[in-house]
Ligand code: SAH
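In the numbering used here, the protein residues as written are 3 to 205.
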């Protein structure tokens with residue numbers, strides 16, 4: 003926690019949520035003892051759980067309020083979704099790998115995280131049936147910002163998305179009106195790629 007504070011995460015609500023959610027639940031047994039190090043870890047299917055700093059950074063940019071409807075693209079381990087739920091958001095989270103979707107769904111339900119609903123989908127299209135959202139967070143590196151995500155924001159809603167190929171810059175779009183968006187750019191990060199289409203598990 004102090005490590006996050008030292009790196010400039012000062013949002014108390016975000017720090018409290020990070021404190022409240024046991025990160026080791028979301029890691030393979032092999033990495034469990036390192037669960038509280040500020041590092042990413044593999045979660046299978048060549049994907050990673052983001053490092054706590056990145057989760058905290060993005061969550062702070064999203065300015066989550068209790069009762070907000072939040073769409074997450076890239077469920078992965080389910081950790082980011084759990085943090086959002088711990089902040090009182092109603093979370094809709096989408097994953098393109100069936101195996102990761104199934105695993106995260108089961109874990110979140112075992113943890114009693116009733117504020118999170120999981121979907122096996124291609125997140126480049128968003129999740130139109132539950133739109134509009136107060137916030138949308140993309141946890142994979144996008145070469146471009148998918149238009150459907152901007153369109154699924156409520157007026158005043160925020161889209162936080164890392165944009166770029168090798169390295170991504172964190173962007174935040176605020177929907178000012180039906181047609182107008184404010185664009186802000188923040189620090190550089192490195193994410194796994196945002197890919198189109200879904201991948202079913204081998205049976
Ligand atoms: N938020 C996750 C981070 C996982 S890494 C966590 O807290 O653990 C990013 C995830 O985005 C990966 O699981 C990857 O499979 C997923 N992803 C990439 N492209 C996607 C897409 N088009 N739709 C949905 N999920 C996608």
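All residues carry an ideal CB built from backbone N, CA and C; glycine is no exception.
Q | Length of the line joining the Cα atoms of residue 14 and residue 117 | A | Within the chain shown, numbered from 1, the residue matching residue 14 stands at position 12. Within the chain shown, numbered from 1, the residue matching residue 117 stands at position 115. Looking at the two C-alpha atoms, the distance is approximately 21 Å.
Q. Where does residue 24 land, buried or exposed, given buried means 16+ other C-beta within 10 angstroms?
A. Taking the first residue of the chain shown as position 1, residue 24 is located at position 22. Exposed.
Q. With respect to the alpha helix (DSSP H) encompassing residue 190, which residues constitute its N-terminal and C-terminal limits?
A. Residue mapping note: residue 190 aligns to position 188 of the chain shown, counting from 1. Note, residue 190: premise wrong, no alpha helix (DSSP H); beta strand (DSSP E) at 183 to 191.
Q: Run through the segment 83 to 120 for me and flag every whole beta strand (DSSP E) of 3 or more residues, listed as ranges in chain order.
A: 92 to 97
Q. Do the segment 160 to 169 and the segment 136 to 148 make contact, defined as three or more Cβ pairs closer than 8 Å?
A. yes
Q: Would you check if the segment 61 to 69 and the segment 38 to 50 touch, i.e. whether three or more CB-CB distances between them fall below 8 Å?
A: no
**Q.** residue 81: CB within 7 Å of a non-hydrogen atom of the ligand SAH
**A.** Along the chain shown, one-based indexing puts residue 81 at 79. Because some heavy atom of the ligand SAH lies under 7 Å away, the Cβ of residue 81 counts as near it: yes.
Q | Identity of the residue in 167, 169, 168, 187 nearest residue 175 by Cα | A | On the chain shown, position 173 is the one that residue 175 refers to. Of the listed residues, the one whose Cα sits closest to residue 175 is 187.
Q: Determine the direct distance from the alpha carbon of residue 42 to that of residue 119, and round the result to whole angstroms.
A: Working through the chain shown from its first residue, we reach residue 119 at position 117. Working through the chain shown from its first residue, we reach residue 42 at position 40. So the alpha carbons of these two residues sit roughly 24 Å apart.
**Q.** Given residue 86 as reference, the closest of 34, 73, 8 once Cα atoms are compared
**A.** Here residue 86 corresponds to residue number 84 of the chain shown, with the count starting at 1. It is 73 whose Cα lies nearest to the Cα of residue 86.
Q: Give a single yes or no on whether residue 8 has its beta carbon closer than 7 Å to a heavy atom of the ligand SAH.
A: For the purposes of this step, residue 8 is taken as residue 6 along the chain shown, with counting starting at 1. Residue 8 Cβ: outside cutoff for every heavy atom of the ligand SAH.
**Q.** Burial state of residue 195, where buried means 16 or more other Cβ atoms lie within 10 Å
**A.** By 1-based counting over the chain shown, the position of residue 195 is 193. With fewer than 16 other Cβ atoms within 10 Å, it is exposed.
Q.
Nearer than 7 Å: is that true of the beta carbon of residue 194 relative to any heavy atom of the ligand SAH?
A. As a working mapping, residue 194 is identified with position 192 in the chain shown. Within the cutoff, so yes.
Q: Could you tell me whether the Cβ of residue 195 comes closer than 8 Å to any Cβ of chain D?
A: Absent from the structure: chain D. Only one protein chain is present.
Q. DSSP beta-bridge partners for residue 57?
A. Indexing the chain shown from 1 puts residue 57 at position 55. BP columns for residue 57 are empty, so no partner.
Q) Quick one: does the C-beta of residue 98 sit closer than 7 Å to a heavy atom of the ligand SAH? A) Taking the chain shown and counting its residues from 1, one reaches residue 98 at position 96. At least one heavy atom of the ligand SAH is nearer than 7 Å to the Cβ of residue 98, so yes.
Q: Could you check how far apart the C-beta atoms of residue 97 and residue 77 are, in whole angstroms? I think they sit under 8 Å.
A: Here residue 97 is taken as the residue at index 95 of the chain shown, counted from 1. Here residue 77 is taken as the residue at index 75 of the chain shown, counted from 1. Contact flag correct, Cβ pair sits at about 4 Å.
Q. Can you name the start and end residues of the beta strand (DSSP E) that residue 47 belongs to?
A. By 1-based counting over the chain shown, the position of residue 47 is 45. Taken as a continuous stretch (DSSP letters only), residue 47 belongs to no beta strand (DSSP E), as it is neither H nor E.
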